[in-house]
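Beneath this line is the structure, given in structure tokens, with notes to follow.
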Amino acid sequence: MPTPHTTAIRILLVDDHAVVRAGLRMLIESHPHLTVVAEAADRAEALAAAAEARPAVILLDLDLRGESSLSFLPELSAASGGANVILLTGSRDQDVHLQAVRLGAMGVVLKEQASDVLVRAIEKVHAGEAWLDPTLTARLVTGIASGRSASAVDPEQARIASLTEREREVIALICEGLQNKAIGQRLFISETTVRHHLTSIFNKLGVENRLELVIYAYRHELAKLPGPSRR
Amino acid sequence: MLHHGLSNLSSAADRLAFTREQERRRALRIDLPFPATIRYVDSTMQRVTLRRPIDNLSACGLYLRLPQPIALATVCFVVVSLSPAPGVYASAPQVALRGVVVRLDQRGEDHQYGIALEFDRHRFLYARARE
Numbered sequence: 000m001p002t003p004h005t006t007a008i009r010i011l012l013v014d015d016h017a018v019v020r021a022g023l024r025m026l027i028e029s030h031p032h033l034t035v036v037a038e039a040a041d042r043a044e045a046l047a048a049a050a051e052a053r054p055a056v057i058l059l060d061l062d063l064r065g066e067s068s069l070s071f072l073p074e075l076s077a078a079s080g081g082a083n084v085i086l087l088t089g090s091r092d093q094d095v096h097l098q099a100v101r102l103g104a105m106g107v108v109l110k111e112q113a114s115d116v117l118v119r120a121i122e123k124v125h126a127g128e129a130w131l132d133p134t135l136t137a138r139l140v141t142g143i144a145s146g147r148s149a150s151a152v153d154p155e156q157a158r159i160a161s162l163t164e165r166e167r168e169v170i171a172l173i174c175e176g177l178q179n180k181a182i183g184q185r186l187f188i189s190e191t192t193v194r195h196h197l198t199s200i201f202n203k204l205g206v207e208n209r210l211e212l213v214i215y216a217y218r219h220e221l222a223k224l225p226g227p228s229r230r
Numbered sequence: 000m001l002h003h004g005l006s007n008l009s010s011a012a013d014r015l016a017f018t019r020e021q022e023r024r025r026a027l028r029i030d031l032p033f034p035a036t037i038r039y040v041d042s043t044m045q046r047v048t049l050r051r052p053i054d055n056l057s058a059c060g061l062y063l064r065l066p067q068p069i070a071l072a073t074v075c076f077v078v079v080s081l082s083p084a085p086g087v088y089a090s091a092p093q094v095a096l097r098g099v100v101v102r103l104d105q106r107g108e109d110h111q112y113g114i115a116l117e118f119d120r121h122r123f124l125y126a127r128a129r130e
């Protein structure tokens, strides 16, 4: 492994898969001007590593053990003392990418892209520039031009973006009027797991009970109101 | 994926003042005419049951219009069917609520009384409980 430059770009890897982190480390450290200073597998580890290692760039996987990393992206950047964050994702959902940028990501790199793209993204983002898809850039500029500055991001959208797919399924089933046990049966998970999901949902959305959750879900179109067709 | 020199733009985006304090929730409210059944005991000790759509619902209260007034502080029991379609009562999720009348509006425009209820408890009614 090449010896890192004294001025190498310090990188924190945040991904819940050890094999992926190992692969990224090998890729990154094959470039002498890049060095991985810490790794983390989840939110708690990431925040601790960011505060301790003070990386210049954070490579952040979108999905961490079922939790969207967008839910703590601003916190992570702040903990690191202002590291530039690149979202590493397999999702092509541009709404998610846009949300990441609004929350502070300086770049978005798809996992399917060539390895040299990632290296270039790290270099550019470290230099204070953004690494974004052109269509994403256009949407961002349009948003700013229409007065919706990125700093005025709707916190509700940030909350909603932090929900996992499974959590969204649980919300939809609660709005259908199902009990935890029935939700578990429908999703092939235990009732305890449903309760864990609910706790996470309540925390993320800032709601305190089921009724508030249902109202929130209808209000923000996380669930559809039952109509005559259900009869 | 192309690189774009948008450092200024992104720097505006990336450091959000994103504190928990700023995210504190106001009372969520949904303005939909959910069908509801209201039960209470009036001032003559008569049991009253009315079926009316509500005007809005929040996690701590609801507002609806009735053709008759209800005295302030009257305890009401309400079952709200969470469907805006009038005919969909049995199949929609239902929530049973107990509340107290905290405001009474005399409405000139439709000759009805606006009733604001504040809940002190609620529970969902599940399919088995309704059978």
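The listed protein sequences correspond, in order, to chains A and B. Counting in numbering that gives the first Met the number 0, the first sequence runs from 0 upward without gaps. Counting in numbering that gives the first Met the number 0, the second sequence runs from 0 upward without gaps. Cβ atoms here follow ideal geometry from the backbone N, Cα and C, with glycine treated the same way.
Contact with chain A is found for Y125/B, since one of that chain's Cβ atoms lies less than 8 Å from the residue's Cβ. Looking at the backbone, the Cα of M105/A and that of V18/A are separated by about 25 Å.
It is roughly 23 Å from the alpha-carbon of I8/A to the alpha-carbon of E111/A. In the three-state reduction of the DSSP assignment, P34/B falls in the strand class, which pools E and B.
With respect to the 8 Å criterion, V78/B and Q93/B are classified as neighbours on the basis of their beta carbons.
Within chain A, not a single residue places a beta-carbon under 7 Å from that of V78/B; the smallest gap is close to 13 Å. Counting other Cβ atoms within 10 Å of its Cβ, V101/B stays below 16 and is therefore classed as exposed.
Put simply, the CB of L61/B is far from chain A, with every gap to its CB atoms at 8 Å or more. The straight-line gap separating the alpha-carbon atoms of G60/B and N83/A is approximately 45 Å. Against chain B, the beta carbon of I214/A has neighbours under 8 Å at L27, R28, I29, L56, S57 and A58, listed in chain order. Take A95/B, set aside five residues on each side of it, and the residues of its chain with a beta-carbon closer than 6 Å to its own are V78, R122 and L124, in chain order. Close to L81/B, with beta-carbon spacing below 8 Å, are these residues of chain A in chain order: C174, G176, V213, Y217, L224 and P225. Note that the C-beta distance between E28/A and V35/A is below 8 Å.
Closer than 8 Å at the C-beta level to chain B, one finds no residue of the segment 38-50 of chain A.
In terms of Cα proximity to H96/A, the closest of A113/A, A43/A, T136/A and E155/A is T136/A. Assigned with DSSP and collapsed to three states, F71/A falls in helix. Chain-order list of chain B residues neighbouring L210/A: A58, V94 and H121, by C-beta distance under 7 Å. Between V213/A and C174/A, the C-beta spacing is below 8 Å.
Sequence-distant Cβ neighbours of S70/A in its own chain, meaning closer than 7 Å and more than five residues away, are S161 and K203. Spatial neighbours of S199/A in its own chain (CB-CB distance under 7 Å, excluding positions within 5 residues in sequence) are listed in chain order as E166. Annotation: A216/A is outside any beta strand (DSSP E); the continuous alpha helix (DSSP H) that includes it extends over R209 to R218. Taking 8 Å as the CB threshold, A91/B lines the interface with chain A. Per DSSP, V206/A is not a residue of any beta strand (DSSP E), being assigned neither H nor E.
Rounded to the nearest angstrom, the gap between the Cα atoms of Q67/B and Q98/A is 49 Å.
Per DSSP, reduced to three states, the secondary structure at E128/A is coil, with no helix or strand assignment. Note that the C-beta distance between I29/B and L63/B is not below 8 Å. A straight line joining the alpha-carbon of D132/A with that of T192/A spans about 37 Å. The criterion of a C-beta distance shorter than 8 Å is satisfied by S68/A and L61/A. Among the bridge pairs identified by DSSP, N202/A is matched with none.
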